[in-house]
Every structure is written in structure tokens, then in C-alpha cells.
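Okay, so the sequence shown: first residue is 1 according to full-length UniProt numbering, each after it adds one.
In this text, a Cβ means the ideal position worked out from N, Cα and C, and glycines have one as well.
What follows is a short report on a single structure.
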Amino acid sequence: MFASTFAGDVGTAFRTGQAVARERGTSLQVRLRLTDPSLAALPWEAMFDPVDGVYVCRKEPLIRYVETPRSNEALRVEPPLRILGIISAPRNLPRIDTSSERDRLERALGSHLAAGRVTIDWLEEATWANVHERLLSGRWHVLHFVGHGDYDHAAGEGVLALVGEGGRAEYVDASVFADLIDEAEPTPRLVVLNSCASGASGDTELFAGTASALVRSGVQAVAAMQFTVSDPAALEFSRGFYSALANGRGVDEAVRSGRIAILGLGRFTLEWVTPVLYLAGDDAHLFDIDAAAVPALVTAPPPPTPAPIAEPSPEPEPEPEPEPGLESAPEPEPAPEPEPAPEPEPAPEPEPAPEPEPEPEPEPTADAESGPGREPAELPPTYAHPDVPPAPGRRSSRKRRLVLLIAGAAALVGIGTAVVFALGGSRSSGGAVVGDGPSEPDPPMTFTMPGSIPWTSTGVECTGGSALEITATGTVTDESDPSAPVTPDGLDDVARRQANLPALPDANALALVGRVGEDQPYFVIGSDFTGICPASGPLDIGLNDTATSGNGGSFEVTATMTPSNGVGNYFVEPVPGDSTWSQAAVTCEAGDRIHFMASGRVLLGGAPDRVAGPDGRPGDDASSNLPGLESAPPGALIGRFGDAPPFLIGSSSSVACPGGTEYWLDLALGINDAGPDVAYNTGTFTVAVVPLTETDPSESD
């Protein structure tokens with residue numbers, strides 16, 4: 001992707017801009033103006049620069065640029081920065097722990113809340129009326145939404161889930177939600193969507209994603225998640241992001257700081273790819289933080305910070321003064337000390353080399369904009385920034401920001417769908433860090449599962465990619481035949497499958513099954529299961545039966561999870577039945593192994609009597625099978641790495657990435673159906689894709 005994008009004149013401009021930015025001690029903002037919807041849907045945040053050996057978005061602020069006729073000046077803010085937090089937790093969607101969500105964000109911003117730089121007001125009963133009332137009741141700088149989001153492919157627009165009648169989800173189109181936000185006066189400059197797939201772009205309309213629709217409708221900037229984000233990553237992103245904003249940074253650099261904060265979770269995490277930033281207009285500095293009202297960021301050594309705070313105001317010179325302006329707080333101390341050499345105003349900035357000697361202070365020092373302070377991306381983004389002083393200094397700092405604008409339609413002609421995605425995830429991908437090998441198993445959990453209850457909580461907290469072992473004994477009875485006991489392996493009776501769960505149409509009726517969250521793949525457990533957690537979250541078990549109330553008996557179940565320690569991410573991919581191939585945005589290195597677990601069903605040709613699960617329809621007409629898969633079941637889930645031959649996946653399997661000349665191989669998933677009626681197929685498979693290690697006990701071809 002990087003090689004195709006930064007070729008020719010674009011590549012020359014990029015390298016030149018980098019060199020100039022480094023010489024000036026500033027950053028190069030990379031703007032993507034993507035006018036082709038199919039390009040907008042790609043995970044650009046995963047671009048890797050092989051020359052410098054870095055990911056672009058981790059070194060330079062990267063934004064998705066939305067051209068609008070309006071141009072907003074930075075909003076003058078006298079601290080605190082006011083955040084309206086909205087938690088939307090409809091009862092029929094995966095549970096959101098509202099108190100934990102509050103605690104996490106408040107913990108991430110603890111120092112800023114305590115210092116009065118930031119305040120958060122919470123709205124937890126997120127009905128339309130309540131959100132409307134709260135927006136009207138005050139002036140909000142930032143709206144932070146925690147909840148569920150999705151992309152409606154039929155409507156071609158992103159949606160967010162508010163709480164509707166009876167506590168159930170009421171899905172609100174992005175454009176309608178934008179109208180609601182616009183009721184605030186003034187409209188919040190920034191919206192943060194901490195929801196699944198809220199940043200995903202549509203492939204049928206340029207502004208179809210929730211984030212881009214909000215920007216088009218009047219919000220200046222929207223930070224969103226293009227893939228599902230794990231709780232630890234969401235917490236770290238919020239900490240780094242809001243810390244940077246509170247310290248006066250632009251929203252583009254704040255998103256980059258959020259990525260760097262996520263990196264602290266471990267070197268194998270890829271969740272820093274998940275955040276995306278949509279920005280309207282040219283100015284990434286949404287807020288002009290009043291430095292005189294901001295508590296000093298330089299902590300113990302310079303207590304006399306209040307005196308110098310007045311200095312930024314007398315500094316009207318835009319070009320040379322902004323950076324010294326930030327040093328106004330520490331300046332009175334170093335000036336009398338040893339450094340007469342820094343007498344020229346710009347010099348004191350780099351010269352306080354002696355000053356950082358009390359190494360506790362590299363975080364708050366003011367050389368964040370200088371080359372040395374900018375290079376080590378892995379440092380926590382808690383230092384101060386030249387944009388903190390009032391408008392004159394801030395504007396001059398902005399003028400020195402170099403910008404590289406990449407017009408997608410012009411620069412990327414010919415990339416097509418075969419772009420190698422560098423460590424991305426799908427538009428519905430999960431993002432939890434998974435392991436690099438088995439560790440000590442957790443204590444086994446033993447419990448009774450009544451046959452009359454749809455789902456029973458096991459008390460096991462799954463981590464995507466971790467090894468999972470489950471054994472079960474006992475019998476249950478179906479209300480239609482109470483005299484016939486059924487073991488955990490269920491009944492191999494096609495006629496009894498009419499009452500199966502929709503996600504497991506071809507599995508044995510009344511078999512013991514499991515799930516990790518309602519929107520993840522369901523999987524068959526039976527009497528003895530050894531495999532992996534397909535996602536992160538609480539493990540539930542139940543019967544493959546949609547009518548359990550009249551059932552009898554119970555199963556005795558023991559579950560043991562062995563955590564992993566980090567190879568990559570798990571991904572949850574939707575595979576629509578009406579398309580032969582669906583780009584998964586997952587890559588692997590030749591020789592790596594990947595495990596798949598899938599559920600769902602597809603009606604071949606739309607015919608109700610031709611239901612195919614991930615294992616396909618063995619014995620059905622194979623005349624429409626793909627070349628190379630003539631002997632595989634029709635309608636089965638299949639995969640392909642790059643240009644290598646396709647392979648059968650089914651409901652559960654592991655494969656090795658084939659060797660070849662390419663270092664990274666892109667994964668495509670599809671249906672074993674190349675017939676003329678494929679466009680009439682309905683339904684979707686949901687596939688968990690998990691990197692494995694060589695020692696993972698669940699590896700098997």
C-alpha cells in the first residue's frame with residue numbers, strides 16, 4: 001500500500017517534506033483526500049514505510065481530509081475543556097459496564113481532572129430525548145460516545161445505537177445523529193466515537209461512515225474506531241489522546257499520541273491501527289487553550305511558574321516566538337543559571353540540554369516540537385507543547401507545520417483490491433491482543449448447565465486466541481420427547497435441526513454450544529472441545545435449540561483456559577454470501593499459522609431449502625464450485641492467500657501461510673460458489689481469524 005501510494009511525485013514530495021520537517025523540528029501532517037469510496041474503505045493507518053522502517057501514522061499525524069466550504073477558527077477555551085460523555089447501553093446488545101467505562105476514562109484523565117484542565121459530565125441513559133436535553137443544557141467542547149455502532153450496508157450509512165423503547169436499541173443514522181449534535185450551541189468541535197466500526201467507511205457512498213457523515217454535517221473533527229477496540233486499548237487511547245489535547249496539541253497529534261499510548265500495551269499489539277481521524281478544513285488546532293488559566297505542566301522543579309505565564313501574551317511575533325513562549329515558565333530558572341550561550345531567543349529551546357538532566361522532566365519539557373523530542377514515538381505523550389500559549393504563538397507554530405496532501409483518486413490509480421494490507425483488521429474486526437504461546441492454565445471452572453435455559457455464564461473470561469478446553473457429561477431432554485436423553489454431542493437428526501440456532505443450522509440438534517459475546521461466532525462444544533477462544537469476552541454455553549423452556553436435564557461442564565502472551569490480533573470477519581471473495585484485510589508472513597472459527601448460514605441462490613453453514617452442503621450439486629475446490633462441499637467457507645490456490649476453511653480449521661516471494665500475504669475469504677446465482681445468495685458467515693504459534697495445542701490442518 002505504501003509503495004503504491006508514495007510513488008513518483010507523491011513519494012518525492014513525501015521525502016522532501018520529511019526532510020524539511022526534521023530540519024525545522026516539527027512534524028509532517030499527511031492528509032488523505034480519498035474521493036474513491038473503495039479507497040476510503042481501506043485501512044490506510046496500516047501503511048508501513050520500508051525505507052525508514054516505520055509505520056507512517058506512528059511517526060507523522062495522518063488524517064482523512066474532508067474538504068468543506070467552511071473554515072472554523074480555533075475555539076478560544078478557558079480551561080476546563082468540557083467533555084460530555086454519553087454511554088449508550090441498550091439491553092439487547094452486548095453488555096456495557098457503565099461504571100467501568102466511567103472509571104476507565106476518568107482514571108485515564110485523572111491528573112487533568114484533578115488539575116482542573118478537563119471536566120467530564122456523564123449521561124448514561126442515552127435516549128434520544130436525554131441526549132437532546134443535555135446538549136441544550138450547556139456548552140460542550142468534546143462529545144465522547146461509548147456504545148455500539150455498525151455500518152448498514154443496505155442503507156449505505158453508518159449507524160449508532162441509542163436506547164429506545166423498553167431499553168432496546170434504537171439505531172440512528174449518522175446523518176440524523178449529526179442533526180442532534182448540531183442542537184448544541186456551539187456545535188462541539190470534536191466528537192470521539194468509542195464504538196465498534198464507527199470509523200468504517202462505506203464502499204457505496206463517500207461519506208457513508210458515521211465519522212465522515214458527522215464531519216460533513218458540521219462537526220470539525222471526529223476521532224473514531226474503524227475496527228472493534230478492546231477495553232485496554234480504548235483506555236490507553238483516551239489517556240494519550242485527551243492528555244495531548246489538554247496540553248494544547250492539535251487533534252491530529254492527539255490521535256497520534258493515542259496510538260503511541262496503545263503501543264504501551266505491548267510490542268505485539270496492532271490496535272494502534274484502529275483509531276482514525278476525519279478532519280474538515282485545514283486547521284487541526286480545534287481549541288486555543290488559554291495558557292494563563294492552565295495549571296503549570298512543569299511540576300516540582302519550577303514552582304514559580306505563575307510569574308512567567310504572563311510572558312506569552314507580550315509575544316506577538318508569530319514566527320520565532322512560539323517555542324520560546326512555551327519555555328516562558330522554565331525560562332526564568334535556566335536564564336540566571338549557567339547558560340549565557342542561549343541568549344538568542346530560539347537557542348534556549350535546544351540549549352536546556354542541561355535542564356533535562358533531572359531526567360524526571362523529559363515528559364513536561366518543551367522540546368516536544370523539536371526533532372529530539374519528536375523522534376522517540378514510544379515515549380508517553382505527556383510533555384507540554386508550544387501550542388499551549390495564546391493565539392499568536394499558537395498560530396505561528398501552526399504555520400511551520402508541513403502538510404502533505406494525497407489525493408486518493410489521482411495517486412492510487414491501479415491499486416485495485418489486491419493491495420497488501422499491512423497488519424490491519426476487517427471493518428468488523430476485533431482488536432484484542434492475543435498470545436505468543438501457551439502459559440499456565442487458569443483454574444478450571446466447573447458448573448451445571450440446565451437444559452431449560454438458553455445461555456449459561458461459565459465465569460470464564462476468554463481472551464481471543466487463548467487455548468480453551470471444555471468437557472461435558474450428563475443428559476438433557478427435549479420437550480418434544482422427554483423420554484429420550486440427549487448427550488452433549490446432540491442428535492444427528494436432520495429433521496430435528498429445524499429448531500437449531502440460526503448461526504448453527506447444520507450442527508447436531510441439542511448439542512452443547514458456546515459463544516463469546518452475542519455478535520461473535522457461535523461454536524459447537526459437544527462432550528469434548530479443544531480449541532481457541534474466537535474473541536475476547538465472557539464465555540457462555542447453551543444448547544443448539546431455539547426453544548429451551550420445556551427442556552429437562554442438565555450438563556455438567558468443566559472449562560479451562562490457557563492464556564496466550566501476544567503474537568498479533570484476532571479479527572472477526574463478516575463474509576457475505578453474495579460475493580465469491582471478500583478482502584479480509586488480514587496479512588501473515590509465509591510460514592505463520594492462522595486458525596479460523598466460523599458460524600452463520602447462507603441460503604444458496606436464496607432458496608430456503610439450500611441452507612449452507614460454514615461446512616457447506618456435502619453431497620449437494622458441485623457444478624458451481626470454484627476451480628480447485630471441485631471436491632469441497634458447495635457453499636462452504638473458503639480462503640485464499642494472495643494468488644495462491646484457494647483452500648477449504650469450514651467451521652474450524654488451521655492453515656499455514658504459504659511460502660513465496662512476497663513477505664506479506666493478504667487474506668481473502670469467500671464462499672465455494674461461482675455459479676450464475678451467486679448474486680442471489682443471502683446470509684453471512686461470521687469468521688474469527690486468530691494468529692497461532694507453533695506450540696499452540698489447537699493447531700491442526
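Original post:
Beta-carbon separation of residue 593 and residue 655 under 8 Å?
Top reply: yes
Subject >> Burial state of residue 473 (16 or more Cβ within 10 Å) >> reply: exposed
Subject >> Cut-off 8 Å between Cβ atoms - residues of its own chain near residue 58, not counting five sequence neighbours on either side >> reply: 256, 259, 260, 263, 272, 377
Subject >> Coarse secondary structure for residue 453, derived from DSSP in three states >> reply: coil
Original post:
If residue 577 and residue 684 are in contact, beta carbons under 8 Å, what's the gap, nearest whole angstrom?
Top reply: 6 Å
Original post:
In the structure shown, what three-state DSSP assignment does residue 686 receive?
Top reply: strand
Original post:
Would the beta-carbon of residue 575 fall within 8 Å of that of residue 504?
Top reply: no
**OP:** State the Cα-Cα distance for the pair residue 11 and residue 170, rounded to the nearest angstrom.
**Re:** 46 Å
**OP:** Between the Cα of residue 766 and those of 500, 541, 103, spot the shortest distance and give me the residue it belongs to.
**Re:** In this structure the chain extends from 1 to 701, so residue 766 is not present and cannot be described.
**OP:** For residue 523, I'd like the list of residues in its chain whose CB is within less than 6 Å of its CB, leaving aside the five on either flank, ordered along the chain.
**Re:** 514, 597.
**OP:** Let me know the secondary structure DSSP gives residue 656 once reduced to three states.
**Re:** Residue 656 falls in the strand class under three-state DSSP.
**OP:** Look at the Cβ atom of residue 689, then the Cβ atom of residue 584, and state whether they are nearer than 8 Å.
**Re:** Against a cut-off of 8 Å, the Cβ pair of residue 584 and residue 689 comes out as a contact.
Original post:
Short check: CB of residue 599 to CB of residue 449, under 8 Å?
Top reply: no
**OP:** Alpha carbon to alpha carbon, how far is residue 532 from residue 5? Give it in angstroms, no decimals.
**Re:** 37 Å
**OP:** Starting from the C-beta of residue 131, find all residues in its chain whose C-beta is less than 8 Å away, skip the five residues before and the five after it, and write them out in chain order.
**Re:** 86, 123, 162, 180
Original post:
From this set, 149, 92, 30, which residue's C-alpha is nearest residue 167's C-alpha?
Top reply: 92
**OP:** Flag this pair as yes or no: are the beta carbons of residue 89 and residue 25 separated by less than 8 Å?
**Re:** no
**OP:** Note down the Cα distance separating residue 640 from residue 538, rounded to an integer number of angstroms.
**Re:** 31 Å
**OP:** Go to residue 112, then tell me how far its alpha helix (DSSP H) extends in each direction, as first and last residue.
**Re:** 110-115
Subject >> Spatial distance of residue 48 from residue 56 (CA atoms) >> reply: In a straight line, the C-alpha of residue 48 is about 6 Å away from that of residue 56.
Original post:
For residue 12, does the three-state DSSP call read helix, strand or coil?
Top reply: helix
**OP:** Give the secondary structure of residue 210 by DSSP, where H, G and I count as helix, E and B as strand, and everything else as coil.
**Re:** helix
Original post:
When the Cα of residue 80 is compared with those of 246, 33, 534, 99, which residue comes out closest?
Top reply: 246
Original post:
In the stretch 26-53, which residue ranges form an unbroken beta strand (DSSP E) of at least 3 residues, counting only runs that do not cross its ends?
Top reply: The qualifying runs are 28-33.
**OP:** Whole angstroms is fine: what's the gap from residue 694's alpha carbon to residue 480's?
**Re:** Its pLDDT being 41, under 50, residue 694 is placed unreliably in this model, and the coordinates cannot settle the point.
Original post:
Can you name, in chain order, every residue of its own chain whose Cβ lies under 6 Å from the Cβ of residue 548, other than the five neighbours on each side?
Top reply: 452, 454.
Original post:
Considering only C-alpha positions, which residue in the set 536, 644, 191, 468 is nearest to residue 627?
Top reply: Each of 536, 644, 191, 468 was checked against the Cα of residue 627, and the nearest Cα belongs to 644.
Original post:
What did DSSP end up calling residue 623 once you bin it into helix, strand or coil?
Top reply: It is coil, neither helix nor strand.
Subject >> Beta-bridge pairing of residue 150 - partner residues as DSSP gives them >> reply: 159
Original post:
Hey, quick one: how far does the alpha helix (DSSP H) through residue 2 stretch, first residue to last?
Top reply: Looking at the DSSP string, the run of the alpha helix (DSSP H) that includes residue 2 is 2-5.
**OP:** May I have the straight-line CA-CA distance separating residue 32 from residue 65, to the nearest angstrom?
**Re:** Looking at the backbone, the Cα of residue 32 and that of residue 65 are separated by about 6 Å.
Original post:
What's the gap between the Cα of residue 109 and the Cα of residue 101?
Top reply: 13 Å
Original post:
Where residue 651 and residue 614 are concerned, what is the direct C-alpha to C-alpha distance, given to the nearest angstrom?
Top reply: 5 Å
Subject >> Selected residue, minimal CA-CA separation from residue 270, among 232, 279, 188 >> reply: 232
Subject >> Alpha carbon of residue 631 to alpha carbon of residue 40, nearest angstrom >> reply: 38 Å
Subject >> Pick from 634, 469, 485, 27 that is closest to residue 612, judged by C-alpha positions >> reply: Closest option to residue 612, Cα to Cα, is 634.
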